[in-house]
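Peer 1:
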Amino acid sequence: MIKKITLLALLLITMVSFAQPGMVGHLTIFSEDGDKFTLILNGEVINDVPQTNLRVEDLNQPYYNAKIKFEDNTLADISKNNLMLTDVDGIFSDVTYKIKRDKNNKTKMKMNYFSSIPVQPDFIPAPNVHVIHYGRPRQVVVQQPVGGVTQTTTTTTTQTGGTSVGVGVNVGGVNMGVTINDATVGGTVTQTTTTTTTNVGGTAVLEEAEPIRGCNGRTCMTARDFNAAMTTIKNQSFEDTRLKTAKQVITVNCLNTDQIIQIANTFNFEDNKLDFAKYAYDYCIEPRNYFKLNGIFSFSSNVDELSDYVQSRQ
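Here UniProt numbering is used: position 39 in the sequence shown is 39, and no number is missing along the way.
1. In the DSSP assignment, find the unbroken alpha helix (DSSP H) run with Asn272 in it and report its ends.
2. Tell me the residue span of the alpha helix (DSSP H) that contains Asp35.
3. Leaving out five residues before and five after Gly116 in sequence, what residues of the same chain have Cβ atoms less than 6 angstroms from its Cβ?
4. Starting from Tyr309 and walking both ways along the alpha helix (DSSP H), at which residues does that stretch end?
5. Evaluate Gly90 with the Cβ neighbour count: other Cβ atoms within 10 Å of its Cβ, from every protein chain shown; 16 or more gives buried, anything less gives exposed.
6. Classify Cys215 as helix, strand or coil using the three-state DSSP reduction.
7. May I ask whether a heavy atom of the ligand PLP can be found less than 6 angstroms away from the beta carbon of Thr245?
8. How about Arg55 and Val119: do their beta carbons lie closer than 7 angstroms?
9. Take Lys100 and list the residues in its own chain whose beta-carbon comes closer than 7 angstroms to its own, dropping the five residues that flank it on each side.
10. Which residues does DSSP list as the beta-bridge partners of Met111?
11. For the alpha helix (DSSP H) holding Met230, just list the boundary residues, first then last.
12. Taking only the alpha-carbon atoms, compute the straight-line gap between Lys36 and Val49 and give it to the nearest angstrom.
13. Cβ of Glu286 within 7 angstroms of Cβ of Asn256?
14. Give the DSSP-derived three-state secondary structure of Asn289 in the structure shown.
15. Just the Cα atoms here: how many angstroms apart are Glu239 and Asn272?
16. Looking at the secondary structure, which residues open and close the alpha helix (DSSP H) in which Leu243 lies?
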């Protein structure tokens, strides 16, 4: 009897697992009049080259703050907060929006909901749609005509080392040790590899490049140094002193978004969380993932303010 119950439970779990919807949504935006545009989601530029029909796949947030900037500077930007990628039941969808000009004012642009379908893993976009897979790194691939042939150059730059320097600081009468992870100390640590191939014929092509890493390409604090810094921050009795200490730590270090979130959550007041989140942006090694900080706020006004701040820094 017990075996039958166990088998039935496993069968139900398996059925539920297969029934779970995808945890990512897709977004397509097209211009009805063929106006080329650049899409910005949560302060991150999605397409470096303006497009008329853009599809962004694998978006993992239920809503985004979106901004449209047009190649034609005479056209007004479009801002749309809380652009939804889920249906009324919270299930991720494949959503399409349409951009068109206002009938009464040709420089005023509108972006309206057009259609939505369930996410299909085997969906194949039309050939005229420019597709970007959100979150995947992109190589720099440039083809240039050289003497009647096409030369393709691929350049990859990686960070291979660096030196840590210990510094003693005093914040609010409290002595603490911080570590500077500086890629410029102790010799050259940047390695660049360039591969060039030549093909007869061809057309000049410029593909989008991987976004530049934040904090001058340096690496984030080690887990050991970060834990020590967190202990020092938490030991501050007053929140103002805790905020000053946190800023002192990141001024000489780089952090990833998860580390920034952990520090921000040590503050009780949302104003201090927002203050720190803005300050930490310049020291984040992965600015493209800064949207993760939206989850630390209880009020949507603070989410909007941080998103606007990040957009202003692009």
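Where a beta carbon is used, it is the ideal one built from N, C-alpha and C, also for glycine.
Bear in mind the structure is a predicted one, so any value in this text is a computation, not a measurement.
Peer 2: If we stick to the structure as given:
1. 270-280
2. Looking at the DSSP string, Asp35 is not in any alpha helix (DSSP H), and its letter there is neither H nor E.
3. The sequence given here places Ser at residue 116; Gly does not occur at that position. Within the same chain, Ser116 has close Cβ partners Ser93, Val95.
4. Per DSSP, the unbroken alpha helix (DSSP H) holding Tyr309 starts and ends at 300-312.
5. Residue environment for Gly90: exposed (fewer than 16 other C-beta atoms within 10 angstroms of its C-beta).
6. helix
7. Within the structure as shown, the ligand PLP is missing, as the structure has no ligands at all.
8. Not in contact: Arg55 and Val119 (Cβ atoms no closer than 7 angstroms).
9. Glu32, Asp33, Lys110
10. Ile99
11. 223-234
12. Approximately 9 angstroms, taken between the alpha carbons.
13. yes
14. helix
15. The alpha-carbon atoms of Glu239 and Asn272 are separated by roughly 8 angstroms.
16. 239-251
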